[in-house]
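> Numbering (this note's numbering), first residue to last: 50 to 527. For each residue, glycine too, the CB sits at the ideal point set by N, CA and C.
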Amino acid sequence: MAYKDLRAFINKLEQKGLLKRITTEVDVELEITEITDRVCKAGGPALLFENVRGYNMPVLTNAFGSLERMCLALEVENLDQIGEELVDILQPDDLPVTFLDKLKAIPKLARLSSYLPRKVQSGPCKEVILRENPSLKELPILKCWPLDGGPYITLPLVFTRDPVTGQRNVGMYRMQVFDERTTGMHWHIHKGGAEHIRKYSGPMPVAVVIGADPAVIYAATAPLPSGIDEMLFAGFLRKEPVELVRCETIDLEIPANAEIVLEGYVDPRETRLEGPFGDHTGYYSLPDHYPVFHLTCITRRKNPIYTATVVGRPPMEDAYLGKATERIFLPLIRLQLPEIVDMNMPFEGVFHNCVIVSIRKQYPGQAKKVMCALWGMGLMMLAKLIIVVDENVDVQNLSEVMWRVFNNVDPRRDVLMVDGPLDALDHASPLPLYGSKMGIDATRKGPGEGHLREWPPDIEMDESIKELVNRKWASYGL
C-alpha cells in the first residue's frame, strides 16, 4: 500500500529503526549540516530535528541516505525491480499486431492508466492559507556550508507547465533565499523548467512543494524523457495515483498531501546573481545569474514538517537517489543497447562525471559505438567519462574496473575524445556548459581492432584445486 504522505514514510522509518529524533536544540545555520554530514557518511539513520532554534517546525534530513531506505521509500525489495516492471509495460516486442494481441495488451494499458494523477477538491496542504504577506521567514531553511551565498531550499519540487502543450514538469532545483519574498531558481539550461521558461514572454506560474510522499520526491529527480509526466511516474512507483489539488493563486496542481506549498512566479526577463553553493560535487558552485522566484502565497499543513537534503563531498544522501536512477533506468537503456550487461555510476563521479558499463562484445569497435550511443541519450549527454569493460567484469567493483583499465588500455587506440555539452556544475572545463569528454575502451582486443598479438588469459586457479582446498581448509590450521 502506497505511503499517503511524508508522515507515513517517517512512521515506517521509525518502525524499522531507521530514523532518529533529535530533541537537542540545533541551528539551521551550519549545525544541522555538520550533524547530517557525519551521520550520512557513517551510514546512519534519517534525522528528524524537533527543536530548531527560532522555529516551530521540525526539519527532516537524510531520509533517503542509504540503499535500504531508498528501497523502503519506493516499496521494493530491490531497485532493479522497478526498471524491469517498466520494461514489461513498454517492451516493444509486445506491441500488438493482431486483434488477439491487442486484447492481450489491454490489461497492461489499463494498469498504466490507473496510475494517472487524480484531481481532488482539497487536501491537508490547504489547512493553512497565507495570501496576505506570505513570508519565507517562518521556514527553517538551512544555510549548509560556510561560503554559501545564503540559506537554500534544497529539496524543492518545482512545478511548471509548458504554455504551448500544457504538459507539466516537476524538477528539483535549489533555491537561494534572497529575502522573505524572493529566491533564486537554479534552472540548468538542459532541464525541463528552463525549457518552459524559454517559451514565456511574461511571468510564468511556478509552485514549489516542500515535503511529499517519497515516490513524488524521487520522481522530481528522475531523468524522464521530455513530455513524460513526473506525477504519472510517481503513480507508477507508488502503484496508486497521486492526488493533486489546484493552487490558490496560480493555475497549477500540486500534491494534496504535501507539507508546504510556495506559490508564485518567475519572470524570464529578470535574473539575479545566485551562489556560491556547496554542491554535490564536493566543491562550491560559483556565483552566476539565474531567474528569480517571487512568492505570492503559502499553503501548508497546520504543523508541517520541513524537508531538506544536505549535499557536499560524496557520499551524501543524493548519491543514493542517483543510485536508484541508475538501477531503475538501466533496463530501459538496454532496450536501446541490448549488449549492455550492467552499469555503475560511482558516488565519486557525482552522477554526470563517470559512467561504467559492461558489454557483451561481438564485433570490433562495439565499445566506442556504446559510448557514442550513451552520449546521445537524454541527460546521459552530460557524462564526462564513460568506461566500457567486458561482460565478465563486475562494474560495481571499482578495484576490478581500474585493474582492467590500467592493464587493458592502449591510450592511442582505446581512448576516444569528443566535445559536447557538460553539466552546469562542471568547473574543470574552460567554458561553461561545453567541453571535452573521454571514452575508455578497456575490453579485450583482437586483430579486428589492430591488436595482432595474442591477448593473455586471466590468471585463475583450476576449479578442482579450489574444491580440494575448500575441503581441506580446516586442516591447514588457518
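1. Would you mind listing the beta strand (DSSP E) stretches within the segment 394-440 that are 3+ residues and don't spill past its ends, in chain order?
2. Within 10 Å of its beta-carbon, does K521 have 16 or more other beta-carbons around it, so buried, or fewer, so exposed?
3. Which residues in the same chain have their Cβ closer than 6 Å to the Cβ of Y104, if we skip the five residues on either side of it in sequence?
4. Following the continuous beta strand (DSSP E) through L179, name the residue where it begins and the one where it ends.
5. Determine whether the beta carbon atoms of N100 and T73 lie at a separation below 8 Å.
6. How should P141 be labelled, buried or exposed, when 16 other C-beta atoms within 10 angstroms of its C-beta is the threshold for buried?
7. What residue does the beta strand (DSSP E) around P195 start on, and which one ends it?
8. Looking at the structure shown, is P141 part of a helix, part of a strand, or coil, going by DSSP?
9. Compute the beta-carbon to beta-carbon distance between G251 and E308, rounded to the nearest angstrom, for a pair I have assumed lies under 8 Å.
10. Starting from C174 and walking both ways along the alpha helix (DSSP H), at which residues does that stretch end?
11. Between T110 and the ligand ZN, is the CB less than 7 Å from at least one heavy atom?
12. Which term fits Q385, buried or exposed, when burial requires 16 or more other beta carbons within 10 angstroms of its beta carbon?
13. Could you spell out the range, first to last residue, of the alpha helix (DSSP H) harbouring N457?
14. Does the Cβ of Q445 have 16 or more other Cβ atoms within 10 Å, making it buried, or fewer, making it exposed?
15. Indicate the three-state DSSP secondary structure (helix, strand or coil) for L527 in the structure shown.
16. So, do the segment 220-233 and the segment 333-346 have three or more beta carbon pairs nearer to each other than 8 Å?
17. Kindly list the residues whose CB is nearer than 6 Å to the CB of Y333, restricted to its own chain and excluding five residues on each side of it in sequence; keep chain order.
18. Measure the beta-carbon distance from P363 to L447 and round it to whole angstroms, keeping in mind my assumption that it falls under 8 Å.
19. Quick check: the segment 462-480 against the segment 507-518, are at least 3 beta-carbon pairs closer than 8 Å?
Concretely, from the data shown:
1. 404-408 and 434-439
2. Your numbering for residue 521 matches position 472 in the sequence shown. Classification of K521: exposed, given that the 10 Å Cβ count is below 16.
3. Counting from one through the sequence shown, the residue named residue 104 turns up at place 55. Excluding sequence neighbours, Y104 sits near P189.
4. Taking the sequence shown and counting its residues from 1, the one referred to as residue 179 is at position 130. It spans V177 to L179 - the beta strand (DSSP E) in which L179 sits, taken as one unbroken run.
5. Counted from its first residue, the sequence shown places residue 100 at position 51. Counted from its first residue, the sequence shown places residue 73 at position 24. It is a contact, given that the beta carbons lie within the stated cut-off.
6. Against the sequence shown, residue 141 aligns to sequence position 92. Below a pLDDT of 50, predicted positions are generally treated as unreliable, and P141, at 48, falls in that range; the measurement from the model is reported next regardless. Exposed, since its Cβ has fewer than 16 Cβ neighbours within 10 Å.
7. Sequence index remark: in the sequence shown, residue 195 carries index 146 (1-based). First-last for P195: undefined, no H or E at that position.
8. Your numbering for residue 141 matches position 92 in the sequence shown. Confidence at P141 is low in this model, with a pLDDT of 48, below 50, so the placement of that residue is unreliable and no value is reported for it.
9. Walking along the sequence shown from the start, residue 251 turns up at place 202. Walking along the sequence shown from the start, residue 308 turns up at place 259. About 30 Å; that fails the 8 Å criterion.
10. Counted from its first residue, the sequence shown places residue 174 at position 125. Looking at the DSSP string, C174 is not in any alpha helix (DSSP H), and its letter there is neither H nor E.
11. As for the ligand ZN, it is missing from this structure, which has no ligand bound.
12. Along the sequence shown, one-based indexing puts residue 385 at 336. Exposed, by the Cβ-count rule.
13. As a first step, residue 457 must be located in the sequence shown, where it is residue number 408. Counting along the chain, the alpha helix (DSSP H) containing N457 begins and ends at L447 to N457.
14. On the sequence shown, residue 445 is found 396 positions in, with the first residue counted as 1. Result: exposed.
15. On the sequence shown, position 478 is the one that residue 527 refers to. DSSP places L527 in coil when its eight states are reduced to three.
16. yes
17. Translated into positions along the sequence shown, residue 333 becomes position 284. If we look at Y333 and ignore the five residues flanking it on each side, its Cβ neighbours are L196, P325 and G327.
18. As a working note, residue 363 is residue 314 in the sequence shown. As a working note, residue 447 is residue 398 in the sequence shown. Rounded, the Cβ-Cβ distance is 13 Å, inconsistent with contact.
19. no
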